[in-house]
Amino acid sequence: QKEVEQNSGPLSVPEGAIASLNCTYSDRGSQSFFWYRQYSGKSPELIMFIYSNGDKEDGRFTAQLNKASQYVSLLIRDSQPSDSATYLCAVKRGNNRLAFGKGNQVVVIP
Amino acid sequence: GAGVSQSPRYKVAKRGQDVALRCDPISGHVSLFWYQQALGQGPEFLTYFQNEAQLDKSGLPSDRFFAERPEGSVSTLKIQRTQQEDSAVYLCASSPGYNQPQHFGDGTRLSIL
């Protein structure tokens with residue numbers, strides 16, 4: 024079992040709609056969770072982090088964490104063409120390293 | 024600079040050659056990480072430094088991979104006797120300290136012919 028799973032294929036959403044991304048993790052003891060956005064050929068850019076169960080909102084982004092079910096999700100409201108990118112879910116593991124999922128590509132259609 | 028700087032951005036080498044990849048972290052950042060990202064995959068952890076101390080090298084795929092950070096700032100990832108499977112993007116990240124978010128450089132795209 025992989026440490027972090029992002030199983031959905033590419034996600035196409037119309038401009039202005041909500042994009043929803045999900046991620047599950049294997050280690051129940053994990054405490055810190057991150058969402059990175061990566062444009063093609065560019066570095067991963069941190070957009071959200073969450074440590075506590077529940078929702079955390081930052082602008083158009085909302086991260087949701089459910090430790091009992093071992094999943095973390097990202098909602099993007101009012102999707103814009105500039106949101107088209109790959110979104111990487113990451114979980115902090117021992118010695119501060121990040122374990123990443125393989126990423127989900129989001130395409131926002133104008 | 025304002026962000027993590029990596030050089031070169033692109034490196035092409037013949038199989039069997041040695042390569043060296045450089046990372047200049049954000050000024051003052053204590054923690055430095057190297058990751059390897061294959062096409063279509065998420066980054067995979069290679070190694071971690073706190074200042075000049077290499078605290079975790081469990082992700083290095085073989086003894087051909089070596090990393091150093093002698094003065095606790097700039098880091099170099101060296102790959103000896105490169106193989107085709109070493110072709111990937113090598114990402115460097117830094118953070119102000121333990122348990123702080125990591126900030127990534129743009130990476131070095133390594134192609135082994």
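From first to last, the protein sequence lines are chains A and B. Each residue of the first sequence is one higher than the one before, counting from 24 in my numbering. Each residue of the second sequence is one higher than the one before, counting from 24 in my numbering. Glycine included, each C-beta is placed from N, C-alpha and C at the ideal position.
Taking 8 Å as the threshold (C-beta atoms), are residue j and residue i in contact?
i              : j              : result
Q40 (chain B)  : S54 (chain B)  : no
E75 (chain B)  : P93 (chain B)  : yes
D78 (chain A)  : M71 (chain A)  : no
S55 (chain A)  : Q24 (chain A)  : no
G26 (chain B)  : G128 (chain B) : yes
L114 (chain B) : L44 (chain B)  : no
L121 (chain A) : A113 (chain A) : yes
List, in order along the chain, the chain B residues whose C-beta lies closer than 7 Å to that of residue i?
i              : result
R126 (chain A) : This sequence places Gly at residue 126 (chain A); Arg is not what is there. Result: G65.
Applying a beta-carbon distance threshold of less than 8 Å, which residues of chain B neighbour residue i?
i              : result
E72 (chain A)  : According to the sequence shown, residue 72 (chain A) is Phe rather than Glu. Ordered by position in chain B, the residues that pass the 8 Å Cβ test against F72 (chain A) are P124.
L111 (chain A) : G65, P66
Expressed to the nearest angstrom, what Euclidean distance is found between the alpha-carbon atoms of residue i and residue j?
i              : j              : result
N118 (chain A) : S53 (chain A)  : 12 Å
A40 (chain A)  : S105 (chain A) : 13 Å
Y74 (chain A)  : R38 (chain B)  : 44 Å
Q77 (chain B)  : A42 (chain A)  : 39 Å
A36 (chain B)  : Q103 (chain A) : 39 Å
T131 (chain B) : F88 (chain B)  : 15 Å
L97 (chain A)  : N30 (chain A)  : 14 Å
S35 (chain A)  : Y71 (chain B)  : 36 Å
K65 (chain A)  : F56 (chain B)  : 17 Å
S117 (chain B) : V97 (chain B)  : 11 Å
E38 (chain A)  : Y58 (chain B)  : 33 Å
Q87 (chain A)  : T47 (chain A)  : 12 Å
S33 (chain A)  : Y121 (chain B) : Just to set this straight, residue 33 (chain A) is Pro in the shown sequence, not Ser. Cα to Cα, the separation comes out at about 34 Å.
P31 (chain B)  : A90 (chain B)  : 16 Å
Compare the Cα-Cα distances from residue i to each of the options and report the closest residue.
i              : options                      : result
H52 (chain B)  : B:F89, B:F68, B:S28          : B:S28
V129 (chain A) : A:N45, A:V114, A:I73, A:E28  : A:N45
Y110 (chain A) : A:D101, A:A91, A:S63         : A:S63
F57 (chain A)  : A:P133, A:D106, A:Y94        : A:Y94
S81 (chain B)  : A:S31, A:S66, A:R116         : A:R116
G95 (chain B)  : B:H126, B:Q59, B:P48, B:T105 : B:P48
S92 (chain A)  : A:A86, A:N76, A:S107         : A:N76
S134 (chain B) : B:Y71, B:A90, B:S85, B:V112  : B:V112
S63 (chain B)  : A:E68, A:T47, A:G124         : First, the residue type needs correcting, since residue 63 (chain B) is Gly and not Ser in the sequence shown. Measuring from the Cα of G63 (chain B), the nearest candidate turns out to be A:G124.
A61 (chain B)  : B:C46, B:S110, B:L136        : B:S110
V27 (chain A)  : A:R83, A:E38, A:R51, A:A86   : A:R51
R83 (chain A)  : A:L69, A:K90, A:N89, A:I99   : A:I99
L136 (chain B) : B:Y121, B:A90, B:Q106        : B:Q106
Q61 (chain A)  : A:A86, A:G126, A:T85         : A:G126
Along chain A, in chain order, which residues have C-beta atoms closer than 9 Å to that of residue i?
i             : result
S54 (chain B) : N119
Would you mind reading off the limits of the beta strand (DSSP E) that contains residue i?
i              : result
T105 (chain B) : Where T105 (chain B) is concerned, there is no enclosing beta strand (DSSP E), given that its DSSP letter is neither H nor E.
V95 (chain A)  : 94-99
G77 (chain A)  : 77-81
I135 (chain B) : 131-135
S43 (chain A)  : 42-48
L62 (chain B)  : Here L62 (chain B) belongs to no beta strand (DSSP E), and DSSP marks it neither H nor E.
L83 (chain B)  : Looking at the DSSP string, L83 (chain B) is not in any beta strand (DSSP E), and its letter there is neither H nor E.
R92 (chain B)  : Here R92 (chain B) belongs to no beta strand (DSSP E), and DSSP marks it neither H nor E.
A36 (chain B)  : 33-36
I73 (chain A)  : 68-73
Q103 (chain A) : Taken as a continuous stretch (DSSP letters only), Q103 (chain A) belongs to no beta strand (DSSP E), as it is neither H nor E.
Whose Cβ in chain A lies nearer than 8 Å to the Cβ of residue i?
i              : result
Y33 (chain B)  : Here the premise fails: no neighbours, minimum Cβ distance about 10 Å.
L114 (chain B) : S66, P67
Given that residue i touches chain A, what residues does it touch there, using C-beta distances under 7 Å?
i              : result
G130 (chain B) : S66
L78 (chain B)  : N118
F127 (chain B) : S66, P67
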